[in-house]
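Accompanying notes for the structure given below.
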Amino acid sequence: MASRIEHHATFAHGVADVLAAQSDPAALRARLAEVGGVNARLEEHEETPDGVRYVLLQGVPAEKLPQVVRTVHQGDLVVRRVHTWSGSGERYTGTISAHVTGIPGEITARTELTAEGTGSVQRTRGEAKVRIPLVGGKLEGIIADQVTGLLEREAEFTASWLGRG
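The sequence shown maps to residues 1 to 165 in full-length UniProt numbering.
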């Protein structure tokens, strides 16, 4: 069984500005520096005909991991996140897939960025699956909570980034 991930963020800026703040290499590097964890970096970035695809690496130090995670994984965690965005105008959709080194499972999500009033809204829905007998469900819940918190911090960063301009 998987644990659900749901996140909703509203922005005072339009879709094009929010998409740029979430996918421009400079914005991604700044976001990683602020909320990316240990050895965070932008591994890949490519413009596609109708959007963008990028890969982020982020680390979580072992001492910040809950005990249940440390029982199944020794050392720091490295999370590899692949993001894609496609669309045009007032609507972009995307996918997120993430894999955590040393943990059998995955995190997947779909996200949508649409115009709303004079701003925009981003909705993300996904799930965390961990295939470890006995503790997998507990790990899924912890991961889902951590991902939801990360999405919130990233949305706050995006709003701050947009406010700078």
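Beta carbons: idealized from backbone N, C-alpha and C, even for Gly.
### Message
I'd like to confirm the pairing. Which residues does DSSP put opposite I67 in its beta bridges?
### Response
Position 67 of the sequence shown, counted from the first residue, corresponds to residue 67. Residue identity differs from the one stated: residue 67 is Gln in this sequence, not Ile. In the DSSP output, where bridge partners are listed per residue, Q67 has none listed.
### Same chain, Cβ closer than 7 angstroms to R29, neighbours up to 5 away in sequence not counted
Looking up residue 29 in the sequence shown gives position 29. Counting only Cβ-Cβ distances below 7 angstroms, and skipping sequence neighbours, we find L42.
### Task
Return the chain-ordered ranges of every beta strand (DSSP E) run that is complete within the segment 77 to 129 and spans a minimum of 3 residues.
77 to 88, 91 to 100, 105 to 116
### Query
If we call anything under 8 angstroms between Cβ atoms a contact, is R91 one with T114?
Position 91 of the sequence shown holds residue 91. Position 114 of the sequence shown holds residue 114. Yes. Within cutoff.
### Query
The beta strand (DSSP E) spanning L134 covers which residue range?
For the purposes of this step, residue 134 is taken as the residue at position 134 of the sequence shown. Unbroken run through L134: none, as it is neither H nor E.
#### Entry: G51 (DSSP reduced to helix, strand or coil)
Within the sequence shown, the letter at position 51 stands for residue 51. In this structure, G51 counts as strand in the three-state DSSP scheme.
### Task
Put A26 into one of helix, strand or coil per three-state DSSP.
Here residue 26 corresponds to residue number 26 of the sequence shown, with the count starting at 1. It is helical.
### Query
Excluding five sequence neighbours on each side, which residues of the same chain lie with their C-beta closer than 7 angstroms to the C-beta of P25?
As a working mapping, residue 25 is identified with position 25 in the sequence shown. L42, H45.
### Task
Could you tell me the distance, in whole angstroms, from the CA atom of D76 to the CA atom of Q67?
Translated into positions along the sequence shown, residue 76 becomes position 76. Translated into positions along the sequence shown, residue 67 becomes position 67. The alpha-carbon atoms of D76 and Q67 are separated by roughly 13 angstroms.
### Task
Whole angstroms is fine: what's the gap from T93's alpha carbon to I5's?
As a working mapping, residue 93 is identified with position 93 in the sequence shown. As a working mapping, residue 5 is identified with position 5 in the sequence shown. Those two C-alpha atoms are separated by around 17 angstroms.
### Task
My understanding is that F11 touches S86, with C-beta atoms under 8 angstroms, so please give their C-beta distance in whole angstroms.
As a first step, residue 11 must be located in the sequence shown, where it is residue number 11. As a first step, residue 86 must be located in the sequence shown, where it is residue number 86. Incorrect: roughly 19 angstroms between the Cβ atoms, too far for contact.
### Task
Measure the Cβ-Cβ separation of residue 250 and I132 and say whether it is below 8 angstroms.
The structure shown does not extend to residue 250, since the chain spans only 1 to 165, so no value can be given for it.
### Task
Taking all protein chains shown into account, decide if G136 is buried (16 or more other Cβ within 10 angstroms of its Cβ) or exposed.
Indexing the sequence shown from 1 puts residue 136 at position 136. Its Cβ being crowded by 16 or more others within 10 Å, G136 is buried.
### Task
May I ask you to report which of helix, strand or coil DSSP gives Q58?
Sequence index remark: in the sequence shown, residue 58 carries index 58 (1-based). Three-state result, Q58: strand.
### Message
Could you give the first and the last residue of the continuous beta strand (DSSP E) run that contains A9?
### Response
In the sequence shown, residue 9 corresponds to position 9, counting from 1. 3 to 11 is the extent of the beta strand (DSSP E) around A9.
### Message
Less than 8 angstroms between the C-beta atoms of Q22 and T158, yes or no?
### Response
Position 22 of the sequence shown, counted from the start, is the residue given in the question as residue 22. Position 158 of the sequence shown, counted from the start, is the residue given in the question as residue 158. It is a contact, given that the beta carbons lie within the stated cut-off.
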